[in-house]
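Q: Protein chains in written order, with my numbering: chain A, 4 to 376; chain B, 4 to 376; chain C, 481 to 860; chain D, 481 to 860.
For glycine and all other residues, C-beta sits at the position ideal for the given N, C-alpha and C.
Can you keep this structure in mind? I'll have questions shortly.
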Amino acid sequence: MAAYKAFGIVSSADNSIHVEGLHDYRPIGSFSFLGRFRVIDFPLSNMSNSGMDRIQVYVRSRPRSIAEHIGSGRHYNINSKRGKVQLLFSQDSNVHSIYNNDICAYSENLDIIERMHQDYVIIAPSYMVYKQDYCELLNEHISSGADVTMLYHKVDNAKEYFQNCKTVNINRQKGILSIEKNLGTAKEKNISMDTYCMSKETFISLINAAREMSSIYTLSDIINIKCGDLDIRGYQHKGYFASLLSLSDYYRASLELLDYNIASELFRPEWPIYTRTTDSCPTQYYDTSKVVNSFVSNGCLIEGTVENSVIGRGVVIKKGAVVKNSIILAYADIEEGVHVENAIVDKWAKIIHVKDIRGTAEHPQYIKRRDTL
Amino acid sequence: MAAYKAFGIVSSADNSIHVEGLHDYRPIGSFSFLGRFRVIDFPLSNMSNSGMDRIQVYVRSRPRSIAEHIGSGRHYNINSKRGKVQLLFSQDSNVHSIYNNDICAYSENLDIIERMHQDYVIIAPSYMVYKQDYCELLNEHISSGADVTMLYHKVDNAKEYFQNCKTVNINRQKGILSIEKNLGTAKEKNISMDTYCMSKETFISLINAAREMSSIYTLSDIINIKCGDLDIRGYQHKGYFASLLSLSDYYRASLELLDYNIASELFRPEWPIYTRTTDSCPTQYYDTSKVVNSFVSNGCLIEGTVENSVIGRGVVIKKGAVVKNSIILAYADIEEGVHVENAIVDKWAKIIHVKDIRGTAEHPQYIKRRDTL
Amino acid sequence: MAQNEMLAMILAGGRGSRLKDLTTKVAKPAVYYGGKYRIIDFPLSNCANSGIDTVGVLTQYESVLLNSYVAQDGRWGLDSKDSGVYVLTPREKADEGLDVYRGTADAISQNIDFIDNYNPEYLLILSGDHIYKMNYAKMLAYHKKMGADATIAVRGVPMKEASRFGIMNTDGNGRIVEFEEKPAKPKSNLASMGIYIFSWKLMRKMLVEDMKNPNSDHDFGKDIIPKMLADRRNLFAYEFCGYWKDVGTIDSLWEANMDLLDPKNELNLNDSSWLIYTEDVSTLPQYIGKDAKVKRAYITQGVRVEGTVTNSVLFTGSVVGKGARVTDSVLMPGAVVEDGATVTRALVAENVRIAKKAKVGSRGSEEITLVAKNVKGGTK
Amino acid sequence: MAQNEMLAMILAGGRGSRLKDLTTKVAKPAVYYGGKYRIIDFPLSNCANSGIDTVGVLTQYESVLLNSYVAQDGRWGLDSKDSGVYVLTPREKADEGLDVYRGTADAISQNIDFIDNYNPEYLLILSGDHIYKMNYAKMLAYHKKMGADATIAVRGVPMKEASRFGIMNTDGNGRIVEFEEKPAKPKSNLASMGIYIFSWKLMRKMLVEDMKNPNSDHDFGKDIIPKMLADRRNLFAYEFCGYWKDVGTIDSLWEANMDLLDPKNELNLNDSSWLIYTEDVSTLPQYIGKDAKVKRAYITQGVRVEGTVTNSVLFTGSVVGKGARVTDSVLMPGAVVEDGATVTRALVAENVRIAKKAKVGSRGSEEITLVAKNVKGGTK
């Protein structure tokens with residue numbers, strides 16, 4: 004329970020980020036993931052499993068889905084008296100402004116941050132999927148004596164993926180030399196996981212420093228600038244890691260987990276990923292159903308064919324319909340004879356009349372929320 | 004449990020309304036009331052006590068305090084599976100625009116309204132304090148066959164108070180002839196309580212009609228316009244009623260309840276007003292305390308003098324300090340020798356150096372949140 | 481406030497010994513059903529959906545699991561301010577020794593002090609081991625409309641089977657004029673479902689008297705209802721139409737699960753206006769593997785299918801290995817059918833492991849095979 | 481996950497008969513304290529604040545109120561997904577008759593199956609009737625650091641009183657070398673607080689053995705701890721400094737309430753980093769009337785004072801009428817002191833009404849007056 008010493012912050016993606024389609028309706032943290040989860044379940048479960056019980060979730064726009072999903076936080080196994088999952092909103096009326104960034108949100112809520120009883124803070128993004136024991140990160144941070152410790156992940160496909168991510172340059176002592184945009188210049192990169200551990204004091208001083216220097220600086224920017232002055236260290240994350248800052252990254256990350264071995268490494272019984280239950284009943288497979296290599300959520304009615312796909316809650320797949328290499332979000336209807344391939348079908352969409360929907364593995368076709376085609 | 008037939012909507016005040024001081028930090032629904040309550044506890048408790056368990060709360064700006072206060076709604080005695088207190092946000096980025104009114108919020112969330120299982124809706128404001136069994140209102144609405152039934156309250160002080168309220172003109176059959184602004188032209192008026200009962204169908208058609216006619220129309224506007232076409236009826240409310248659309252109305256309403264008989268008419272054991280507990284301990288009265296005719300919340304330390312006042316949670320009133328005819332919000336500090344009279348001191352304010360703070364009964368002095376004087 | 485207008489008491493003390501090894505460790509109401517539920521989820525969810533806030537669950541037989549299961553009242557949303565599910569076991573009293581419940585009426589009598597705390601107008605008595613969806617608020621409305629002292633839910637059974645049930649004979653207005661337990665020559669086909677609404681004031685008085693009666697079995701069916709009829713009280717029958725099942729045996733439990741395989745089944749657990757709530761588990765969604773074949777099946781989250789599943793119900797965390805075949809069967813939570821094994825017309829109990837290539841059950845068996853212990857591997 | 485690293489079991493079966501009429505209807509842990517709390521709020525809040533998720537409460541004596549009080553686990557935030565407060569009463573087993581708890585260790589032994597469900601690494605044993613604030617997570621850290629088999633919380637008592645307690649004699653490292661129950665000539669002043677952390681694997685084994693021992697009283701103090709010492713197990717004393725009170729008598733209960741009147745009292749219920757949680761009631765804030773005089777008092781919401789209150793603690797919903805005087809007293813929830821009545825050095829029980837002009841208690845009384853029944857009006 005080392006992490007009792009730290010409170011958590013779940014941060015929101017910068018306004019410079021826009022994930023095609025999905026992002027029009029909800030923040031990335033609220034994206035459906037593997038059918039039953041939402042992306043924000045991962046940072047919240049990591050914190051809860053690390054024994055942290057005071058968590059601030061920053062929401063910028065369209066807060067409804069996040070607010071409803073998180074509720075009182077009890078389903079994240081967080082004591083509702085001692086602990087609290089607190090939604091903090093950015094009050095800046097101009098939600099799309101570049102000024103309305105993470106530092107702006109923190110400084111607007113500085114009095115709340117200052118009132119936290121804990122000495123340390125762990126800041127984790129709401130738009131990345133990974134498993135990490137923050138106690139280990141905190142212990143490493145404390146014992147190394149660093150000012151800031153940040154998570155990074157080594158990848159060998161930074162050219163094609165991890166768009167919109169930042170990379171870190173590290174010296175042999177794990178010191179961070181700089182943080183840069185991933186420009187896709189090399190395959191092997193250390194991707195910044197936008198996850199930081201530091202003392203509350205350092206955090207507050209970084210917020211103030213950023214505000215003084217420029218009102219468009221983000222936390223990542225100010226840490227990059229402070230690389231020379233402060234002892235900023237990297238901590239390597241191992242295991243499954245996905246960043247969901249683009250539609251193709253989201254699509255790839257979801258289908259990648261259809262490899263059951265990869266999925267069961269991310270979902271360990273001793274490290275549960277909590278989510279809000281919707282109390283849907285089991286899924287009904289009909290005489291005519293053909294389903295292979297797919298994750299299927301509860302409450303579905305499946306008469307047709309499903310291959311290499313992720314099916315959300317309450318989806319209906321009618322007779323003769325074929326769904327391949329696709330992500331179907333909750334309550335979508337795929338009617339008789341429809342063929343869907345390499346597509347992402349958003350919530351409540353109904354595919355009735357358009358019989359053929361195809362994208363490519365690189366550019367999946369996106370079908371809008373509530374659309375009837 | 005007649006009200007199982009209706010879902011509830013708790014509406015937000017129009018953007019034309021601004022209550023001096025207090026309103027800068029939170030919506031009116033979130034104003035502290037009588038120390039332990041928030042204004043929104045009244046409509047929510049009315050709905051819960053009427054057996055309603057699906058409630059939509061519309062929030063426009065600064066949603067944090069409302070979101071935290073309402074949480075999962077369990078403390079309003081609403082089943083957390085069958086029922087739901089749902090926060091709905093206005094997504095319009097320009098929160099202060101006149102276009103961003105109640106109709107705008109309803110039409111943005113029209114799909115959610117359409118999905119409600121209930122046939123009727125009760126719409127009640129988050130900025131008025133009263134007790135009403137909505138089953139009675141609904142039964143009257145159904146048996147009269149009216150299209151819309153709205154609550155009104157007869158007052159004899161509409162000249163001085165009920166600023167920003169609307170008044171209704173009623174015929175002998177309780178038919179509403181028109182809804183007008185209260186211009187303070189007469190003492191006796193029927194104040195509109197901004198509380199409506201109608202079928203879901205009528206509600207949706209009114210939203211659409213308002214949008215078609217003018218994007219600045221509010222629900223009250225469109226109902227006024229429809230007075231000729233539809234059967235709109237008034238239902239007279241009896242008992243305590245306060246509208247909190249101005250600072251002086253807020254001040255008067257709070258101090259009025261210091262008459263214990265009036266207070267105990269509003270707070271009936273069989274009609275509990277629910278609120279979120281803060282788990283503060285009892286209040287400590289010192290040897291030197293002198294307290295008369297006041298409501299005092301828990302967690303206070305009282306060494307000084309308090310008269311005819313409402314004291315919020317965790318307030319400290321030091322030796323020799325005097326608080327008269329005032330409302331002190333939670334966690335404020337009134338230090339030694341300070342005299343506060345006819346004032347409203349906002350949360351976390353500290354009165355240390357300024358020894359004399361005085362307003363008048365008509366214009367109470369407002370001290371800002373977190374101010375140190 | 482409507483809160484404590486009606487308090488519900490669920491009789492959940494049934495041992496369910498005809499369910500054999502399924503109930504050696506758990507009481508019958510805690511038995512699994514329908515892929516993700518336990519039987520007691522049905523009366524509890526019905527209460528939640530009917531707007532009842534406070535529920536007492538009366539248990540006695542080895543019920544540590546049942547007790548801690550129902551104590552998590554948030555599962556049914558019964559954890560709002562004045563709500564709660566309370567486990568009521570027989571207890572030591574200040575003036576008496578430790579007692580057991582002697583009959584259904586005695587179970588209520590022993591908890592009169594609990595009920596008094598809530599001072600309800602009406603008392604709803606339910607059984608913890610029936611599967612059905614019912615709006616008790618409507619039954620209460622009927623009770624009030626009829627000005628009844630007691631209302632008993634009944635359902636029509638085939639006339640030729642009526643002699644197996646407690647039969648209510650009513651007049652033209654639904655008023656019960658006679659109650660016959662397993663009549664040789666039934667006069668009606670309205671069988672009591674063991675669901676009663678009583679006006680509490682009267683029932684309290686009757687229970688206090690019944691407790692003192694040395695000749696009473698302290699049972700609603702045997703003592704209280706006949707006494708009420710003898711006293712010429714207003715007893716009304718409330719007819720229930722819809723799916724209802726008492727799963728007393730392994731065969732009937734299996735059958736009730738199989739009912740769900742018909743997409744048009746009458747119970748319809750997919751109806752969003754009357755959900756059945758249950759324990760929330762943290763698992764992956766169900767995973768259907770590369771070579772899997774799934775036809776006519778009812779499968780819940782956390783299941784992993786790599787083999788062939790036909791006409792079966794699979795509970796949370798159950799696994800069907802590569803080349804394994806599960807046919808006409810029920811796999812309870814955590815049951816594992818290893819690669820190449822075959823399960824036919826069987827009910828595999830919680831966490832039981834059928835080893836590689838093993839074979840259990842058979843297509844033509846008269847009774848359903850209950851597999852309550854691990855099965856060793858086959859040799860083929 | 482840290483969840484079930486340590487499970488807490490609260491022994492709450494105490495009858496508390498020295499608390500006289502206060503415990504005829506409720507068990508001692510449910511007795512009121514401090515204006516708005518019940519005694520058991522303290523161990524439960526301590527658990528919540530120490531990050532413990534699952535708590536078993538072992539009750540036996542007439543405890544319908546206590547059982548339903550603790551079942552509302554949301555009061556202490558112990559209702560998150562895997563959390564819960566579980567009432568554990570003696571129960572009928574499949575193979576035995578109905579049993580009672582024979583001693584503190586037996587109460588745990590009878591619930592081994594419950595504990596096994598959670599498979600904890602450590603077991604924390606607490607008493608349900610002590611008032612104190614303690615971080616059990618720190619005690620656990622000490623237990624681990626010392627590599628202990630058992631850690632016992634102790635507190636220093638005045639040496640001359642030590643012979644009234646169970647005394648732990650330790651070596652220089654805090655290791656317990658001897659345990660003496662009420663020693664005539666105490667060697668140390670470290671009294672056991674009845675708070676134990678055990679490594680569960682070992683304790684489970686010891687309890688199973690102890691159950692079979694016909695000569696055992698099945699008590700931690702009398703049997704288990706001496707056995708552990710005899711076996712040369714690692715037992716460590718964990719010293720607690722801070723407010724601690726066992727309110728066994730009316731006088732000590734009154735005294736503990738009076739302690740709170742000192743604004744600098746050691747218990748400090750106003751510390752926001754370690755709140756004590758309790759039932760949430762829907763009331764007005766406290767109202768202090770036009771002619772009221774309140775000095776040195778501890779008053780909670782829902783109280784109404786129209787008269788004079790000095791040096792007293794007033795619980796929720798209590799009322800002091802016009803001209804009434806309450807001095808050096810405790811008014812429990814709903815106690816009403818009508819106009820002109822006088823209450824001095826008294827403890828007025830729940831919902832008791834002191835009629836107009838009546839007079840109870842006296843300034844010079846040796847013992848505190850317990851007023852457990854309504855008092856009729858005075859004549860003056």
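#1: Can you look up residue 78 (chain A) in the DSSP assignment and give me helix, strand or coil?
#2: Under 7 Å between C-beta atoms, does residue 67 (chain A) make it to chain B?
#3: Compare the C-beta of residue 270 (chain B) with all C-beta atoms of chain A and state if any pair is closer than 7 Å.
#4: Could you check where the alpha helix (DSSP H) with residue 156 (chain A) kicks off and where it finishes?
#5: From which residue to which residue does the beta strand (DSSP E) around residue 601 (chain C) run?
#6: Excluding the five sequence neighbours on either side, which residues of its own chain have a C-beta within less than 6 Å of the C-beta of residue 688 (chain D), listed in chain order?
#7: Using the Cα positions of residue 692 (chain C) and residue 491 (chain C), report the straight-line distance between them to the nearest angstrom.
#8: What residues in the segment 5-24 of chain B have a beta carbon less than 8 Å from any beta carbon of chain C?
#9: Grab the span of the alpha helix (DSSP H) containing residue 687 (chain C) for me, first residue to last.
#10: Short of 9 Å Cβ to Cβ, which residues in the segment 771-788 of chain D face chain B?
#11: Find out if the Cβ-Cβ distance for the pair residue 243 (chain A), residue 268 (chain A) is shorter than 7 Å.
#12: Closer than 6 Å to a non-hydrogen atom of the ligand FAD - does that hold for the CB of residue 218 (chain B)?
#13: In chain B, which residues lie less than 7 Å from residue 92 (chain A) when you measure between Cβ atoms?
#14: Near residue 577 (chain D), what residues of its chain come up, given a Cβ to Cβ distance below 7 Å and the 5 sequence neighbours on each side ignored?
#15: Any Cβ of chain B within less than 7 Å of the Cβ of residue 574 (chain C)?
#16: In terms of residues, what are the limits of the alpha helix (DSSP H) holding residue 46 (chain B)?
#17: What are the partner residues of residue 380 (chain B), as DSSP defines its beta bridges?
#18: Any beta-carbon of chain C closer than 7 Å to the one on residue 279 (chain B)?
#19: Along the segment 283-302 of chain B, where does the CB come closer than 7 Å to a CB of chain D? Name the residues.
#20: Would residue 486 (chain C) pass as a contact of residue 682 (chain C) if the rule is Cβ separation under 7 Å?
#21: Under 7 Å, do residue 316 (chain A) and residue 28 (chain A) count as touching if we go by C-beta distance?
#22: So residue 557 (chain D) contacts chain A; which residues on that side make the cut at Cβ distance below 8 Å?
#23: Using a beta-carbon distance below 7 Å, is residue 631 (chain C) in contact with chain D?
#24: By alpha-carbon positions, which one of B:203, B:154, B:168 and B:191 ends up nearest to residue 179 (chain B)?
#25: When DSSP labels each residue in this structure, what does residue 861 (chain D) get in the three-state scheme?
#26: Beta-carbon separation of residue 780 (chain C) and residue 561 (chain C) under 7 Å?
#27: Have a look at A:149, A:24, A:169 and A:297 and flag the residue whose alpha-carbon is nearest the alpha-carbon of residue 184 (chain A).
#28: Hey, residue 806 (chain C) and residue 799 (chain C) are a contact pair by Cβ (cut 8 Å); roughly how many whole angstroms apart?
#29: Roughly how many angstroms lie between the CA atoms of residue 750 (chain D) and residue 295 (chain A), to the nearest whole one?
#30: Mind the definition here: the segment 633-643 of chain D touches the segment 531-541 of chain D only if three or more C-beta pairs lie below 8 Å; say whether that holds.
#31: In chain A, which residues lie less than 9 Å from residue 757 (chain D) when you measure between Cβ atoms?
#32: Taking only runs of the beta strand (DSSP E) that begin and end inside the segment 219-304 of chain A, which ones reach a length of at least 3 residues, in chain order?
#33: Excluding sequence positions up to five away, which residues of its chain have a Cβ less than 6 Å from the Cβ of residue 559 (chain C)?
#34: Here's a check: name, in chain order, each residue in its chain whose Cβ is nearer than 8 Å to the Cβ of residue 249 (chain B), leaving out the five neighbours to either side.
#35: According to DSSP, which residues form a beta bridge with residue 851 (chain D)?
A: So, to answer that:
#1: helix
#2: Between residue 67 (chain A) and chain B, the shortest Cβ-Cβ separation is below 7 Å.
#3: no
#4: Counting along the chain, residue 156 (chain A) falls outside any alpha helix (DSSP H), though it belongs to the beta strand (DSSP E) covering 151-158.
#5: Here residue 601 (chain C) belongs to no beta strand (DSSP E), and DSSP marks it neither H nor E.
#6: none
#7: 22 Å
#8: Residues 7.
#9: 680-692
#10: 771, 772, 773, 774, 775, 776, 777, 778, 779, 780, 781, 783, 784, 785 and 786
#11: Cβ atoms of residue 243 (chain A) and residue 268 (chain A): closer than 7 Å.
#12: With respect to small molecules bound, the structure shown includes none, and the ligand FAD cannot be examined in it.
#13: 66 and 67
#14: Here residue 577 (chain D) scores only 48 on pLDDT, less than 50, and its place in the model should not be relied on; the value that follows carries that caveat. If the five residues before and after residue 577 (chain D) are omitted, its C-beta is found closer than 7 Å to no C-beta atom of its own chain.
#15: Its pLDDT being 43, under 50, residue 574 (chain C) is placed unreliably by the model, and the measurement read from it follows with that caveat. Output row for residue 574 (chain C): interface = no.
#16: 44-52
#17: This structure does not reach residue 380 (chain B), given that chain B is present from 4 up to 376, and the question cannot be answered.
#18: no
#19: Result list: 284, 285, 286, 287, 288, 289, 290, 292, 294, 295, 296, 297, 298, 299, 300, 301 and 302.
#20: no
#21: No, these two residues do not count as a Cβ contact at 7 Å.
#22: 82, 83, 84, 85 and 86
#23: no
#24: Comparing Cα-Cα distances from residue 179 (chain B) to each of B:203, B:154, B:168 and B:191, the minimum goes to B:154.
#25: Nothing about residue 861 (chain D) can be read from this structure; chain D reaches only from 481 to 860.
#26: Contact flag unset, no.
#27: A:169
#28: Contact flag wrong, Cβ pair sits at about 10 Å.
#29: 60 Å
#30: no
#31: The contacting residues are 84 and 85.
#32: 235-239, 244-246, 286-288, 293-295 and 297-299
#33: 553
#34: 22, 23, 166 and 167
#35: Residue 851 (chain D) is bridged by DSSP to D:828.
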